[in-house]
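Step one of this worksheet: look at the structure below.
Residue numbers (the UniProt record's numbering): 1 to 577.
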């Protein structure tokens, strides 16, 4: 037979914690004992005087807590008060030891000094937490609404209380309190576009940024990074608050050495912060230039896209452009034109335009790194208007180099692409394209091949904005009209002829008259009778007469060309007779 075994009795469950009111009474009792013993210590009297002042502050703060109507309902105190009991017990034990001669310390005098200092620091931390709890106002509210998401249409007062309660839990509570508080913060920021402004005002942004440090729990750190990223991107006031509370430095550290997820969030925030020109200088001060460039070179697609956006933002600052070039930004930008996301390509092209516009050294460097070829390739491949605009701006800036002009002038594919965007692009793209075309030295064959854009150039001349559009479109058109077949082609376009003649009308105040006058003069410069006849029949003659009478530049010459010098010949023949 097997011996009979007796089951072990179940272990007793731990007793429930005492009510908070009982814990608070016990704390007040301990404080009274400590305040008395601190007056009778015989060792380290100076340190105990400092400790005594903190004990007095604690007693006053605890009295304020007990006067609050809903203090016993607050779950934060269920952790805070027992921890305070533990700290006060240790402090009381130290006070008893200091009643005796210092030579009796078994651990030595230095160890006792260290223990007292640690106890003092612990009391300071408790004071900070209690002060934070009192200032938040949450002890004066019923716990029924604590951490309950305010509904739509909630007033600023209710939202403000919710945010203060949330940040109190974030700073005082343990890991779970912190995670729940951050969940609530992120939910609020997600559901209410205007919440970021109130969070920046009512919350402790400095502490939220402090949670980005590597010594915090990874999940808390990730949630904090998302919150900071959203706040930096949501409004001017919340972005300013993140920057002024020292957020840029920790964000750059995350961008340099954080996980892929943290790098993505940090890059979004850094781009948002540097969008304010007043903040751009700080990138260099925090040593962030090489960090940004490396993020552009080797980061995830999200990190690359937002890091190159931050580079674009700071490249507008004179003092930062040279360090950017020295750290090797140009080849990285050129590579992003080829391999980056569509958004990264747009920002890289924008940045190259900024650099190319800043000086010849930058233009030479971009050309040397193959930037022009990559820009031309992107011009053919992209259909995004913003990307095309930045690409064309960069090409225009590079065209200040004679070597660039030579390459562009010899590329028929580029000229055809230019003609296409003049016909189909936005008004800004049309203007940039016309400006590039003005600068090129192209053959008659090439001019004939892109003649289809002449009607668009004429139409562009009707617009008074943007500034310079009329001049660039007129100059580009005059360049194409140096070819006889193009002159004949444009007068066959009745809409273009009508537009040009209407622009000559002195009553049309939107158009500067010298531009249509110069185009008319270019059309009739070859002496084609057919061209003159169509312009005269459309009414150009009478308008040019009026403009000549008021001495508009070029009007007399255009009038003479339009009439085929007929008046001059009549006067000459009459004099001879």
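In this text, a Cβ means the ideal position worked out from N, Cα and C, and glycines have one as well.
Contact check, residue i vs residue j, beta carbons under 7 Å
{"i": "residue 473", "j": "residue 522", "result": "no"}
{"i": "residue 499", "j": "residue 458", "result": "yes"}
{"i": "residue 451", "j": "residue 489", "result": "yes"}
{"i": "residue 273", "j": "residue 225", "result": "no"}
{"i": "residue 53", "j": "residue 94", "result": "no"}
{"i": "residue 391", "j": "residue 416", "result": "no"}
{"i": "residue 354", "j": "residue 306", "result": "no"}
{"i": "residue 208", "j": "residue 220", "result": "no"}
{"i": "residue 514", "j": "residue 553", "result": "yes"}
{"i": "residue 464", "j": "residue 504", "result": "no"}
{"i": "residue 166", "j": "residue 184", "result": "yes"}
{"i": "residue 588", "j": "residue 263", "result": "Nothing in the structure corresponds to residue 588, since the chain is present only between 1 and 577."}
{"i": "residue 396", "j": "residue 436", "result": "yes"}
{"i": "residue 502", "j": "residue 460", "result": "no"}
{"i": "residue 260", "j": "residue 300", "result": "yes"}
{"i": "residue 401", "j": "residue 363", "result": "yes"}
{"i": "residue 409", "j": "residue 442", "result": "yes"}
{"i": "residue 377", "j": "residue 438", "result": "no"}
{"i": "residue 385", "j": "residue 426", "result": "yes"}
Rounded distance between the beta-carbons of residue j and residue i, thought under 8 Å
{"i": "residue 369", "j": "residue 330", "result": "5 Å"}
{"i": "residue 98", "j": "residue 190", "result": "Not quite, the Cβ-Cβ distance comes to about 54 Å (not below 8 Å), so this is no contact."}
{"i": "residue 617", "j": "residue 64", "result": "Since the first residue of the chain shown is 1 and the last is 577, residue 617 is not available in this structure."}
{"i": "residue 160", "j": "residue 206", "result": "Residue 160 to residue 206, Cβ: 18 Å. No contact."}
{"i": "residue 127", "j": "residue 51", "result": "Not confirmed; about 12 Å, so no contact."}
{"i": "residue 398", "j": "residue 372", "result": "6 Å"}
{"i": "residue 524", "j": "residue 535", "result": "7 Å"}
{"i": "residue 470", "j": "residue 512", "result": "6 Å"}
{"i": "residue 84", "j": "residue 27", "result": "6 Å"}
Simplified DSSP assignment, three categories, for residue i
{"i": "residue 44", "result": "coil"}
{"i": "residue 23", "result": "helix"}
{"i": "residue 543", "result": "helix"}
{"i": "residue 179", "result": "helix"}
{"i": "residue 461", "result": "coil"}
{"i": "residue 513", "result": "coil"}
{"i": "residue 203", "result": "coil"}
{"i": "residue 350", "result": "helix"}
{"i": "residue 400", "result": "coil"}
{"i": "residue 194", "result": "coil"}
{"i": "residue 249", "result": "helix"}
{"i": "residue 559", "result": "helix"}
{"i": "residue 317", "result": "coil"}
{"i": "residue 564", "result": "coil"}
{"i": "residue 216", "result": "coil"}
{"i": "residue 361", "result": "helix"}
{"i": "residue 277", "result": "helix"}
{"i": "residue 305", "result": "helix"}
{"i": "residue 98", "result": "coil"}
{"i": "residue 538", "result": "coil"}
{"i": "residue 267", "result": "helix"}
{"i": "residue 38", "result": "coil"}
{"i": "residue 240", "result": "helix"}
{"i": "residue 507", "result": "coil"}
{"i": "residue 160", "result": "helix"}
{"i": "residue 369", "result": "coil"}
{"i": "residue 479", "result": "helix"}
{"i": "residue 1", "result": "In this prediction, residue 1 scores a pLDDT of 44, lower than 50, which makes its location untrustworthy; no coordinate-derived value is stated."}
Local Cβ density within 10 Å of residue i, reported as buried at 16 or more and exposed below that
{"i": "residue 281", "result": "exposed"}
{"i": "residue 558", "result": "buried"}
{"i": "residue 339", "result": "exposed"}
{"i": "residue 20", "result": "buried"}
{"i": "residue 87", "result": "buried"}
{"i": "residue 456", "result": "buried"}
{"i": "residue 218", "result": "exposed"}
{"i": "residue 447", "result": "buried"}
{"i": "residue 492", "result": "exposed"}
{"i": "residue 394", "result": "buried"}
{"i": "residue 131", "result": "exposed"}
{"i": "residue 40", "result": "exposed"}
{"i": "residue 76", "result": "buried"}
{"i": "residue 144", "result": "Interpretation of residue 144 is limited by its pLDDT of 38, a score under 50 that renders its predicted location unreliable; the figure taken from the coordinates is listed afterwards. Counting Cβ neighbours within 10 Å, residue 144 comes out exposed, since fewer than 16 surround it."}
{"i": "residue 577", "result": "Here residue 577 scores only 40 on pLDDT, less than 50, and its place in the model is too uncertain to base an answer on."}
{"i": "residue 287", "result": "exposed"}
{"i": "residue 271", "result": "buried"}
{"i": "residue 187", "result": "exposed"}
Near the ligand MG: residue i beta-carbon under 6 Å from a heavy atom
{"i": "residue 88", "result": "Looking at this structure, you won't find the ligand MG or any other ligand, since it has none at all."}
CB contact check: residue i to chain B, cutoff 7 Å
{"i": "residue 216", "result": "Absent here is chain B; the protein component of the structure consists of one chain."}
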